[in-house]
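Asker: Numbering (my numbering), first residue to last: 6 to 275.
Sharing a structure below in structure tokens format, with a few things to ask.
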Amino acid sequence: MPIRLYQLDAFTDQLFGGNPAAVCPLTEWLPDETMQAIAAENNLAETAFYVPTDQENGFYHIRWFTPTVEVDLCGHATLASAYVVFFLEKTAEGDAIAFDSRSGLLRVRREDDWLVLDFPTDSTHIAIQPPALETSLGGIKPVEVLKGKTDYLIVFENEQQILDMQPDFRELATIPARGVIVTAPGNPTENGSIDFVSRFFGPQSGIDEDPVTGSAHTTLIPYWAEKLGKTELTARQVSKRGGFLRCKLLEDRVEIAGQVKLYLTGEFEL
């Protein structure tokens with residue numbers, strides 16, 4: 006049985022930037038173990054699978070797999086999946102679709118070549134930094150340590166600390182969390198200031214560093230909106246590949262906008 010496969014770079018306007026994701030449109034679900042094996046074979050941070058539930062009205066069901074586990078929420082692979090629906094498979098009638106998921110209903114709309122994710126916010130609380138977390142990040146003293154639903158959020162003083170960070174991933178993998186978000190205020194640039202920068206480390210989920218993590222911004226946006234006193238923000242994830250996001254806080258929801266570049270189309274046999 007041939008299955009279409011797309012590989013795309015999300016949260017970037019340049020090929021080989023942003024976060025690569027694989028997307029497999031399906032007409033019905035494959036066995037869980039098969040989808041996990043496909044994700045392991047792809048060996049990308051995420052492989053998304055979606056099935057239409059009410060295609061005429063723009064409703065789909067989506068699931069995401071790392072090479073090792075299924076996850077509850079993934080931003081960049083949702084962005085990539087929406088790109089496939091709108092621009093490649095061209096099954097959407099209008100400019101808005103919705104994905105049903107483990108994290109509820111996730112709406113996506115298109116604005117020219119930008120796609121806007123509508124995700125639920127993640128709430129955080131002050132946490133005590135585990136000793137292994139401090140040493141695995143090089144012993145740099147953070148400004149704040151918080152814990153969200155699945156991730157630690159570690160806030161540092163400046164962008165350079167985030168850029169210079171060289172984590173001990175073996176030690177970081179012992180932290181009981183999906184992953185660790187590190188963040189700091191952005192530096193002014195010649196093209197205007199970036200409100201905040203971040204990186205995401207997730208060896209617990211099978212990926213040492215995720216290039217651009219949409220789901221992490223459900224935690225980052227409420228935090229920085231409160232700190233900076235504004236609801237519309239610009240963000241950059243400063244991994245090696247890098248990514249740019251336009252962000253907006255809407256009470257208990259966030260909008261995360263990004264662009265996508267197509268890298269590969271093909272099919273495989275099962």
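Where a beta carbon is used, it is the ideal one built from N, C-alpha and C, also for glycine.
Does the Cβ of glutamate 260 have 16 or more other Cβ atoms within 10 Å, making it buried, or fewer, making it exposed?
Answerer: Counting Cβ neighbours within 10 Å, glutamate 260 comes out buried, since at least 16 surround it.
Asker: Identify which residue in Ser106, Phe92, Arg107 has its Cα closest to the Cα of aspartate 100.
Answerer: When only C-alpha atoms are compared, the closest one is Phe92.
Asker: What three-state label does DSSP hand isoleucine 43 in the structure shown?
Answerer: DSSP places isoleucine 43 in helix when its eight states are reduced to three.
Asker: DSSP has alanine 15 in a bridge; who is on the other side?
Answerer: Alanine 15 pairs with Asn24, Val265.
Asker: Going by alpha carbons, who is nearest to serine 203 out of Glu162, Ser106, Thr140, Glu274?
Answerer: Minimum Cα distance to serine 203 is reached at Glu162.
Asker: For a test of the three-state rule: what should DSSP assign to lysine 253, helix, strand or coil?
Answerer: Of the three classes helix, strand and coil, the one that applies to lysine 253 here is strand, per DSSP.
Asker: Write down every uninterrupted run of the beta strand (DSSP E) in the stretch 31-88 whose length is 3 residues or greater and which is fully enclosed by it, in chain order.
Answerer: With a minimum length of 3 residues, the continuous beta strand (DSSP E) runs that stay inside the stretch 31-88 are 51-59, 64-70.
Asker: On a Cα-Cα basis, can you pick out the residue from Gly144, Ser141, Gly143, Ser108 that is closest to aspartate 127?
Answerer: Of the listed residues, the one whose Cα sits closest to aspartate 127 is Ser108.
Asker: Pull up the distance between the alpha-carbon of threonine 71 and that of leucine 84, whole angstroms please.
Answerer: If you take the alpha carbons of threonine 71 and leucine 84, they lie about 16 Å apart.
Asker: In whole angstroms, what separates the C-alpha of glutamate 231 from that of isoleucine 8?
Answerer: Straight-line Cα distance between these residues: approximately 45 Å.
Asker: Helix, strand or coil: how does DSSP classify lysine 245 here?
Answerer: Three-state DSSP puts lysine 245 in coil, outside helix and strand.
Asker: Could you tell me which residues DSSP puts in a beta bridge with isoleucine 102?
Answerer: Its beta-bridge partners are Val113.
Asker: Indicate the three-state DSSP secondary structure (helix, strand or coil) for isoleucine 159 in the structure shown.
Answerer: In the structure shown, isoleucine 159 sits in a strand (DSSP, three-state: E or B).
Asker: Does the beta carbon of tyrosine 228 sit closer than 8 Å to a beta carbon anywhere in chain B?
Answerer: Among the chains in the structure shown there is no chain B, since it carries only a single protein chain.
Asker: If you reduce the DSSP assignment to three classes, tell me which class lysine 232 lands in.
Answerer: Lysine 232 falls in the helix class under three-state DSSP.
Asker: By DSSP, does threonine 270 sit in helix, in strand, or in coil?
Answerer: Note: threonine 270 maps to strand in three-state DSSP.
Asker: So what's serine 108 in DSSP terms, helix, strand or just coil?
Answerer: In the structure shown, serine 108 sits in coil (DSSP, three-state: anything other than H, G, I, E or B).
Asker: Tell me the residue span of the beta strand (DSSP E) that contains alanine 189.
Answerer: Per DSSP, alanine 189 belongs to the beta strand (DSSP E) from 184-190.
Asker: Thinking alanine 87 and leucine 120 are a contact (beta carbons under 8 Å), I'd like their distance in whole angstroms, please.
Answerer: About 5 Å; that satisfies the 8 Å criterion.
Asker: Please report the distance separating the alpha-carbon of phenylalanine 201 from that of alanine 15.
Answerer: One C-alpha to the other measures close to 19 Å.
Asker: Check whether the stretch 127-137 and the stretch 241-253 are in contact - that is, three or more C-beta pairs closer than 8 Å.
Answerer: Segments in contact, no.
Asker: Since valine 28 and alanine 53 are thought to touch, with beta carbons under 8 Å apart, how far apart are those beta carbons, to the nearest angstrom?
Answerer: Valine 28 to alanine 53, Cβ: 5 Å. Contact.
Asker: I need the straight-line Cα distance from isoleucine 186 to arginine 115, nearest angstrom please.
Answerer: Roughly 28 Å separates the two Cα atoms.
Asker: Would glycine 4 pass as a contact of alanine 103 if the rule is Cβ separation under 8 Å?
Answerer: Any property of residue 4 remains undetermined from this structure, which presents the chain solely from 6 to 275.
Asker: Name the residue from Leu177, Thr179, Ile167 whose alpha carbon lies nearest to the alpha carbon of asparagine 192.
Answerer: Nearest option by C-alpha distance: Ile167.
Asker: So arginine 112 and aspartate 123 are in contact, right, with Cβ under 8 Å, and what is the actual spacing, rounded?
Answerer: Rounded, the Cβ-Cβ distance is 4 Å, consistent with contact.
Asker: Would you call aspartate 215 buried or exposed, if buried means 16 or more other Cβ atoms sit within 10 Å of its Cβ?
Answerer: That one is buried.
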